[in-house]
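*Asks:* So that we are looking at the same thing, I have put the structure below in structure tokens.
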Amino acid sequence: MTWLAFALSLLAFACFGFATDDHHHRLTGRRLAPDSKLRWQAYAWFALMGAFGTAVASRGWAFGPVLWLGAVMLSAGIVFLSLNLRPQRGRGTRQ
Amino acid sequence: MSKSIRQSQSTLHTWSGLLLGWVLFLVFLTGTIAFWREALNRYMRPELARIEQPMRVLDGAQRFLGRKAPDAKGWFIAMPNAAMPGAQVTWQPQPKKGEHGGRRGGGGRGRRDNQALIGADGMPKHARDTRGGEFFYRFHFDLYYLPVIWSRWLVGVAAVMMLVAILTGIVTHKKIFRDFFALRRHKGQRSWLDGHNATAVLALPFHLMITYTGIVTLMALLMPWATVANYADETRMFADLFPEAPVVERTGRPAPILSLSAIAQDAERRLGGPIGTIQVSEPGDAAARVTFYRTPASLLNTRAPAITYDGTTATPVWRSPAPGGAAATAGVMIGLHAGRFADLLLRWLYFLCGIAGTLMVASGLVLWTVKRREKLPDPTRPHVGFRMVERFNVAVIGGFPLGIAGLFWANRLLPVAMPDRSRWEVHVLFLVWGAAFIPSLVGRPAKVWTILFGLTGAALAALPIYNLLNTRWNAWTSLLAGDLLPLGIDATMIVFAIAFLWLARRVARYRPAVRATRRARAAAIPMSEMEVMA
Numbered sequence: 001m002t003w004l005a006f007a008l009s010l011l012a013f014a015c016f017g018f019a020t021d022d023h024h025h026r027l028t029g030r031r032l033a034p035d036s037k038l039r040w041q042a043y044a045w046f047a048l049m050g051a052f053g054t055a056v057a058s059r060g061w062a063f064g065p066v067l068w069l070g071a072v073m074l075s076a077g078i079v080f081l082s083l084n085l086r087p088q089r090g091r092g093t094r095q
Numbered sequence: 096m097s098k099s100i101r102q103s104q105s106t107l108h109t110w111s112g113l114l115l116g117w118v119l120f121l122v123f124l125t126g127t128i129a130f131w132r133e134a135l136n137r138y139m140r141p142e143l144a145r146i147e148q149p150m151r152v153l154d155g156a157q158r159f160l161g162r163k164a165p166d167a168k169g170w171f172i173a174m175p176n177a178a179m180p181g182a183q184v185t186w187q188p189q190p191k192k193g194e195h196g197g198r199r200g201g202g203g204r205g206r207r208d209n210q211a212l213i214g215a216d217g218m219p220k221h222a223r224d225t226r227g228g229e230f231f232y233r234f235h236f237d238l239y240y241l242p243v244i245w246s247r248w249l250v251g252v253a254a255v256m257m258l259v260a261i262l263t264g265i266v267t268h269k270k271i272f273r274d275f276f277a278l279r280r281h282k283g284q285r286s287w288l289d290g291h292n293a294t295a296v297l298a299l300p301f302h303l304m305i306t307y308t309g310i311v312t313l314m315a316l317l318m319p320w321a322t323v324a325n326y327a328d329e330t331r332m333f334a335d336l337f338p339e340a341p342v343v344e345r346t347g348r349p350a351p352i353l354s355l356s357a358i359a360q361d362a363e364r365r366l367g368g369p370i371g372t373i374q375v376s377e378p379g380d381a382a383a384r385v386t387f388y389r390t391p392a393s394l395l396n397t398r399a400p401a402i403t404y405d406g407t408t409a410t411p412v413w414r415s416p417a418p419g420g421a422a423a424t425a426g427v428m429i430g431l432h433a434g435r436f437a438d439l440l441l442r443w444l445y446f447l448c449g450i451a452g453t454l455m456v457a458s459g460l461v462l463w464t465v466k467r468r469e470k471l472p473d474p475t476r477p478h479v480g481f482r483m484v485e486r487f488n489v490a491v492i493g494g495f496p497l498g499i500a501g502l503f504w505a506n507r508l509l510p511v512a513m514p515d516r517s518r519w520e521v522h523v524l525f526l527v528w529g530a531a532f533i534p535s536l537v538g539r540p541a542k543v544w545t546i547l548f549g550l551t552g553a554a555l556a557a558l559p560i561y562n563l564l565n566t567r568w569n570a571w572t573s574l575l576a577g578d579l580l581p582l583g584i585d586a587t588m589i590v591f592a593i594a595f596l597w598l599a600r601r602v603a604r605y606r607p608a609v610r611a612t613r614r615a616r617a618a619a620i621p622m623s624e625m626e627v628m629a
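Following this line, the structure appears as structure tokens:
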């Protein structure tokens, strides 16, 4: 159950990340239409709520929300790093 | 109108972050390490075996205290678990008439003579004299060398500034939620700003929680008026906050005390969770009382319930009343801050968030110089305030981690028989840090950053290797025994070593762009440290 909470919040932030204009363009090569952006964000919020329910179900009302916040922060961090720290082509740093 | 509000918030953010920023860096870093307080207590006493059976250790502690201090005023036993080096026991002798705290000038010394560490086999152990992880925990709010009360005021004010900086930061960097996933790399100031925002926003719930609850731990000091208005006598406030069983008088009739481990099992059932600490008053007397406190490791509220037994009949005589709303709120907030309830998974999350907070403070401090460098009238000769901030950043952000690496090395290398050994471990930290201050203040910042980060990385990388060769519990033996704590800490040291060496390499290899305009060129020359995080 704990891992399900992590998986769901990771999924949520993957959706959030996919719904940002720049990253979407870089990943798919296409512009993000406004209504599909909203759709991705709605998926993300659903997954986040699911993660909250799962966390509370696995750890109870005292520790569940703490676990959920932890999962949210960790997933946000993982998605952030994996979106940004991929090797960038043709962008040498050494001048 | 809205622009002026944002500007005023920005000014407040800049200066509340800068003024006590270096204190905040120290507090954040040591607090982050202190999440591994118990693990470090064990790691820094590698001669001790792991606790397998806590109740066996408790029996050993009782045997030891029964021999050593049969007619003491009280015993105090901290129940061990697998993360601890052993059971710490303390005893308080019967006060004699006309005696004032033992030998001359030795209040602390006397206390130290009245304590022992009971190891996994139930026998008293003599480990190297070290403060272990306790140092980081105490330094986090008491600092060191300074009088405790000053330190707490300083840390308390810094924490309030931190809260101001976080709240104004949300307003100032208003795009943090829209640009949630943005990190523009290799773009100088832009990259620094994105990095600062990322460490802040990714762990924002943690930063808000830890700062606010941190202030709550110091609330009686920072805002004493509520207690002053309600309690003329401070002892009555403590009695309300930390209720205790009624004190018993010694009868003088000797009576053997029952097995503590047997009563402990009953107490664990009644309290609904494992025992954290045990307090025995008047052991060996017919009036003996035994109080068990539930460990806060199983509760969100750090103020754990207690139960008191008659020591000769093992019948419960007193239970702590249910805490009031305010006390429970404060207890839960402090519990959230200290994370004592956290299992390994949550503890790692706390640790990672703490690192994010430390990086947020550090990148904020560096950002102050990065933003101002381009606006300097003559960047080759910055004004004195700028130089001070730049050099203090090197000395604190670069120097203090090196001091911590020095502490870990002192823990391994100082001779075991050295008098005041545990204090010297800490002195080494400050000596190393002090030594790092000198080049930071006189040297070229770009070079000193490289040297300090490189040294820290090398020192941390060499530690696991030294452990492998010279320490009883190292990565290899811990793997064989299935006891992953030493391996975990060694692996973490290596990860940090790699990070520091990578930082050093980034700074050393950085060549600022040579551009045609005089302004850009001049701005770039002393900027070597700028793109490290990018």
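As given, the protein sequences belong to chains W and C, one line each in that order. Numbering-wise, the working numbering puts 81 at position 81 of the first sequence, and it's gapless, one number per residue. Take any residue in the second sequence, note its place counting from 1, add 95, and you have its number in the working numbering. Positions of the beta carbon are idealized from the N, C-alpha and C atoms, including for glycine. These numbers were taken from a predicted model, which means no experiment stands behind them.
(1) Starting from C/Pro71, find everything on chain W with Cβ-Cβ shorter than 7 Å and list it in chain order.
(2) At least one CB of chain W closer than 9 Å to the CB of C/Leu598: is that the case?
(3) Are the C-beta atoms of W/Ala137 and some chain C residue less than 9 Å apart?
(4) Return the bridge partner residues of C/Gly169 from the DSSP annotation.
(5) Going by DSSP in three states, C/Val412 sits in which element: helix, strand or coil?
(6) So, are the CB atoms of C/Met257 and C/Leu462 less than 9 Å apart?
(7) For a contact meaning CB atoms closer than 8 Å, what does C/Pro581 contact in chain W?
(8) On the criterion of 16 or more Cβ atoms from any shown chain inside 10 Å, does C/Gln189 qualify as buried, or is it exposed?
(9) Under 7 Å Cβ-Cβ, which residues of chain W neighbour C/Ala293?
(10) Per DSSP, what are the beta-bridge partners of C/Phe387 in this structure?
(11) What span of residues does the alpha helix (DSSP H) with C/Gln360 cover, start to end?
(12) To the nearest angstrom, how far is the alpha carbon of C/Asn136 from that of C/Thr106?
(13) Which runs of the beta strand (DSSP E) fall wholly inside the region 97 to 178 of chain C and span at least 3 residues, in chain order?
(14) Determine whether the beta carbon atoms of C/Ile499 and C/Leu124 lie at a separation below 9 Å.
(15) From C/Gly227, C/Gln183, C/Pro581 and C/Leu355, pick the residue whose C-alpha is nearest to that of C/Asp208; which is it?
(16) For a minimum of 3 consecutive residues, which ranges assigned as the beta strand (DSSP E) are wholly contained in the region 209 to 262 of chain C?
(17) Does the distance from the C-beta atom of W/Phe16 to that of W/Ala71 stay below 9 Å?
(18) Could you check the C-alpha separation between W/Leu85 and C/Arg280 for me, to the nearest Å?
(19) DSSP on C/Pro534, reduced to helix/strand/coil?
(20) Kindly indicate the opening and closing residues of the alpha helix (DSSP H) around C/Gly459.
(21) For C/Pro540, which three-state DSSP category applies?
(22) Does the count of Cβ pairs from the region 333 to 350 of chain C and the region 368 to 381 of chain C closer than 8 Å reach three?
(23) Rounding to the nearest angstrom, what Cα-Cα distance links C/Leu574 and C/Leu582 in this structure?
(24) Please name the residue in C/Gly169, C/Trp186 and C/Asp216 whose C-alpha comes closest to that of C/Pro175.
(25) Under a Cβ-count criterion, where at least 16 other Cβ atoms within 10 Å of its own Cβ denotes burial, should C/Trp571 be classed as buried or exposed?
(26) Have a look at C/Tyr445, C/Lys470 and C/Gly251 and flag the residue whose alpha-carbon is nearest the alpha-carbon of C/Phe430.
(27) Per DSSP, what are the beta-bridge partners of C/Pro349 in this structure?
(28) Using a C-beta to C-beta distance shorter than 8 Å, which residues of chain W count as neighbours of C/Pro351?
(29) List the residues of chain W whose Cβ lies closer than 9 Å to the Cβ of C/Phe436, in chain order.
(30) So, at 8 Å on beta carbons, what are the nonlocal neighbours of C/Arg101 in its own chain, with the 5 sequence-adjacent residues on each side left out?
(31) Helix, strand or coil for C/Ala182 per DSSP?
(32) Taking beta-carbon pairs under 7 Å, can you tell me which members of the region 375 to 400 of chain C lie near chain W?
(33) Give me the chain W residues within the contact set of C/Ala298, using Cβ-Cβ distance strictly less than 8 Å, ordered along the chain.
(34) Which of the residues in the region 15 to 34 of chain W, read from start to end, lie with their CB under 9 Å from any CB of chain C?
*Replies:* So, from the data block:
(1) Residue 71 of chain C cannot be examined here, being either before or after the span of chain C that is shown, 96 to 629.
(2) Start at 1 with the first residue of the second sequence, and residue 598 of chain C comes out as number 503. Closer than 9 Å: no.
(3) Given a span of 1 to 95 for chain W in the structure shown, any question on residue 137 of chain W remains unanswerable.
(4) By 1-based counting over the second sequence, the position of residue 169 of chain C is 74. DSSP lists C/Gln187 and C/Ser376 as partners of C/Gly169.
(5) Counting from 1 along the second sequence, the entry for residue 412 of chain C is found at position 317. If DSSP states are grouped into helix, strand and coil, C/Val412 belongs with the strands.
(6) Position 162 of the second sequence holds residue 257 of chain C. Position 367 of the second sequence holds residue 462 of chain C. Against a cut-off of 9 Å, the Cβ pair of C/Leu462 and C/Met257 comes out as no contact.
(7) Residue numbering aside, residue 581 of chain C sits at position 486 when the second sequence is read from its first letter. Result: empty, since nearest Cβ-Cβ is about 25 Å, beyond 8 Å.
(8) Within the second sequence, the letter at position 94 stands for residue 189 of chain C. The residue in question, C/Gln189, is exposed, as its Cβ has fewer than 16 Cβ neighbours within 10 Å.
(9) Against the second sequence, residue 293 of chain C aligns to sequence position 198. The contacting residues are Phe80.
(10) Here the question's residue 387 of chain C lines up with position 292 in the second sequence. The partner list for C/Phe387 (beta bridge, DSSP) reads C/Ile373 and C/Ile402.
(11) Taking the first residue of the second sequence as 1, we reach residue 360 of chain C at position 265. Counting along the chain, the alpha helix (DSSP H) containing C/Gln360 begins and ends at Leu355 to Leu366.
(12) Taking the first residue of the second sequence as 1, we reach residue 136 of chain C at position 41. Taking the first residue of the second sequence as 1, we reach residue 106 of chain C at position 11. Roughly 42 Å separates the two Cα atoms.
(13) 169 to 173
(14) As a working mapping, residue 499 of chain C is identified with position 404 in the second sequence. As a working mapping, residue 124 of chain C is identified with position 29 in the second sequence. Yes. Within cutoff.
(15) The residue given as residue 208 of chain C occupies position 113 in the second sequence. Closest option to C/Asp208, Cα to Cα, is C/Gln183.
(16) 210 to 213
(17) Residue mapping note: residue 16 of chain W aligns to position 16 of the first sequence, counting from 1. Residue mapping note: residue 71 of chain W aligns to position 71 of the first sequence, counting from 1. No, Cβ-Cβ distance for W/Phe16 and W/Ala71 is not below 9 Å.
(18) On the first sequence, residue 85 of chain W is found 85 positions in, with the first residue counted as 1. On the second sequence, residue 280 of chain C is found 185 positions in, with the first residue counted as 1. Near 9 Å, if we compare the C-alpha coordinates of C/Arg280 and W/Leu85.
(19) If you number the second sequence from 1, residue 534 of chain C lands on position 439. Residue state, collapsed to three classes: helix.
(20) To locate residue 459 of chain C, count along the second sequence from 1; it is residue 364. Element bounds for C/Gly459: Leu439 to Arg468.
(21) The sequence position of residue 540 of chain C within the second sequence is 445, counting from 1. Here C/Pro540 sits in helix by DSSP.
(22) yes
(23) The sequence position of residue 574 of chain C within the second sequence is 479, counting from 1. The sequence position of residue 582 of chain C within the second sequence is 487, counting from 1. So the two alpha carbons sit approximately 7 Å from each other.
(24) Along the second sequence, read from residue 1 onward, the residue named residue 175 of chain C stands at position 80. Looking at the Cα atoms, C/Asp216 is the closest of the given residues.
(25) Here residue 571 of chain C refers to the residue found at position 476 of the second sequence. C/Trp571 comes out exposed.
(26) Reading the second sequence from its first residue, position 335 is the one you call residue 430 of chain C. Correcting the residue type first, residue 430 of chain C is Gly in the shown sequence and not Phe. The shortest Cα separation from C/Gly430 among C/Tyr445, C/Lys470 and C/Gly251 belongs to C/Tyr445.
(27) Translated into the one-based positions of the second sequence, residue 349 of chain C becomes position 254. C/Pro349 is bridged to C/Asp380.
(28) Taking the first residue of the second sequence as 1, we reach residue 351 of chain C at position 256. Within 8 Å Cβ-Cβ: nothing; C/Pro351 doesn't reach chain W, min ~40 Å.
(29) Numbered from 1 along the second sequence, position 341 holds the residue referred to as residue 436 of chain C. Ordered by position in chain W, the residues that pass the 9 Å Cβ test against C/Phe436 are Ala62, Phe63 and Val66.
(30) The residue you call residue 101 of chain C lines up with position 6 of the second sequence. The answer, listed in chain order, is Val266, Thr267 and Lys269.
(31) Position 87 of the second sequence holds residue 182 of chain C. Of the three classes helix, strand and coil, the one that applies to C/Ala182 here is strand, per DSSP.
(32) Leu395
(33) As a working mapping, residue 298 of chain C is identified with position 203 in the second sequence. The contacting residues are Met73 and Gly77.
(34) Phe16, Gly17, Thr20, Asp22 and His23
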